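Worksheet for the structure shown next.
Number of protein chains: 2
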Amino acid sequence: MDSRLLSGAVEMLMLEVISHGRTYGYEISQTVDTRSNGYFSLKEGSLYPALHRLEQQKLVKSSWHEVEGRRRKYYELTSAGIKALDAKKQEWQAFASGIQGVLGDGHSATVIPAF
Amino acid sequence: MDSRLLSGAVEMLMLEVISHGRTYGYEISQTVDTRSNGYFSLKEGSLYPALHRLEQQKLVKSSWHEVEGRRRKYYELTSAGIKALDAKKQEWQAFASGIQGVLGDGHSATVIPAF
DNA sequence: CCACAATACCTAAACACGCTATGCATAAAG
DNA sequence: CTTTATGCATAGCGTGTTTAGGTATTGTGG
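Residue numbers (numbering that gives the first Met the number 0), protein chains in the order written: chain A, 0 to 114; chain B, 0 to 114.
Given below as C-alpha cells:
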C-alpha cells in the first residue's frame, strides 16, 4: 500500500489499539496488522518513533514490565490520550467525508470544447 | 485539518478533478476546496509541485492558453492518468476499509489487570 | 489614478514522518 | 547450536507539505 496514505493515521490507529487495554509496541503492530486483514504493517522504524512522540505529547504513558520472561515497555492512554483519540477519530470521519465529497457526487464528464 | 492525512490523497483528488474536464492549477484548488465544503485547502506549495509530478509521470499533459485575459496552464488526463486514477480510488477504498477494520468492530474495553 | 485584492504561476528552505537497515538482547524451535 | 520469533531502539534516506517569498495581470474601491 501507499505509505503516504497511512501517514497521519498511524497515531490514531495506535491510540485506538492502546485504548483497548495496556499493550506494548510489538503487540500493537501485530494487532494493527491482524485487524486490517494484513493491509497495514507498521514498520519498527515508524512504530517506535511514533510511540515516543505520543509519549512526549503525554497522550500515553509507559512502564517497563517483565512478563512471560520478556522485557516489555507497556503503554496505556492518559486522559489527554483518550480525548486525542476521540478527536482524531472525528477528524478521520470528516476527512473521509471530504474525500467522498470530491470523489462522490456525479459530475458526469464534461464534453471538453477545444480552444 | 491534519495535512498528513491529505498527503497521499492529494494526487487522487487532483486527478479526479482533472478527470471532469480540462482545468488548471488555481481552479483545481478552488474546486477541491468547494467540493470538500472548505475542508481541504491545497496550498500552492503542494499544488504546483504535485501537478509537475503528475506530468512527469505522464498521468496528465499540459498546455498554455490565454483565456479571459488570463495566462493559464491547462491540464488534462492521459490514458495512463485515467488508469492511475482508477487504481488510486481502489487503493483508497482498501485503505479506508483497513482503517475501519481497526477502528470498527466492537472490542469492548478490557478490564486491565494490574501487574 | 492608485492601492489593494484576486487571479495565476513558480520555487527554495525548513520540517515531518514513514521506510530501510542496523544493532542489541532473550527465548523458543529445529 | 543455529535459526526464528520476540522485543526495543536509532541513524540516514526519501518524499512531500508548509511557509514564505517572488513575478505578473486584471478587477475594484476610494
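We put the CB at the ideal spot given by N, CA and C, even for glycine. It should be emphasised that the depicted structure is a prediction, and the values quoted were computed from it without experimental measurement.
In this structure, DSSP gives His51(B) a helical state, which the three-state scheme calls helix. When secondary structure is reduced to three states using DSSP, Lys57(B) falls in the coil class, being assigned neither helix nor strand.
Proximity of Arg34(B) to chain A, defined by a Cβ-Cβ separation below 8 angstroms, is satisfied.
When 7 angstroms is used as the limit between beta carbons, Arg3(A) is near these residues of chain B: Ser6 and Gly7, in chain order. Counted as a single uninterrupted DSSP element, the beta strand (DSSP E) harbouring Leu76(B) occupies residues Arg69 to Leu76. Burial state of Arg34(B) is buried, judged by a 10 Å Cβ sphere holding 16 or more other Cβ atoms. The beta carbon of Glu26(A) sits no closer than 8 angstroms to any beta carbon of chain B. Glu15(A) reaches chain B at Val101 and Leu102, counting residues in chain order whose Cβ is nearer than 8 angstroms. Cβ neighbours of Trp91(B) within its own chain (closer than 8 angstroms, five residues either side excluded): Ala8 and Met11. Under the 8 angstroms Cβ criterion, the stretch 18-29 of chain A counts as touching the stretch 64-78 of chain A, having at least three qualifying pairs.
Taking Gln56(A) as reference, the option from Ile81(A), Gly103(A), Arg3(A) and Met0(A) with the minimal CA-CA separation is Ile81(A).
Neighbours of Ile81(B) in chain A, taken as residues at a C-beta separation under 7 angstroms, are lacking, since the least C-beta distance is about 10 angstroms.
Among the CB atoms of chain A, one or more fall inside 8 angstroms of the CB of Gly97(B).
Under the Cβ distance rule, Tyr38(A) counts among the residues neighbouring chain B, one pair being separated by less than 8 angstroms.
Taking 8 angstroms as the threshold, the shortest C-beta distance from Trp91(A) to chain B falls below it. With a threshold of 8 angstroms between beta carbons, Leu76(B) makes no contact with chain A. Taking 8 angstroms as the threshold, the shortest C-beta distance from Leu12(A) to chain B falls below it.
In the three-state DSSP reduction, Ser28(B) falls in the helix class (H, G or I). The C-beta separation of Leu58(A) from Ala83(A) comes to about 5 angstroms, placing the pair in contact by the 8 angstroms criterion.
Residue contact check for Lys88(B) against chain A: a CB pair falls below 8 angstroms. Taking C-beta separations shorter than 8 angstroms and ignoring five residues to either side along the sequence, the partners of Ile17(B) in its chain run Ile27, Val59, Tyr74, Glu75, Leu76 and Gly80, following chain order. Nearest CB-CB separation between Val59(A) and chain B: not below the 8 angstroms threshold.
Considering only Arg3(A), Lys88(A), Val101(A) and Gly44(A), the residue with the shortest C-alpha distance to Gly103(B) is Lys88(A). Between Tyr25(B) and Met0(B) the beta-carbon gap is near 21 angstroms, outside 8 angstroms, which marks them as no contact.
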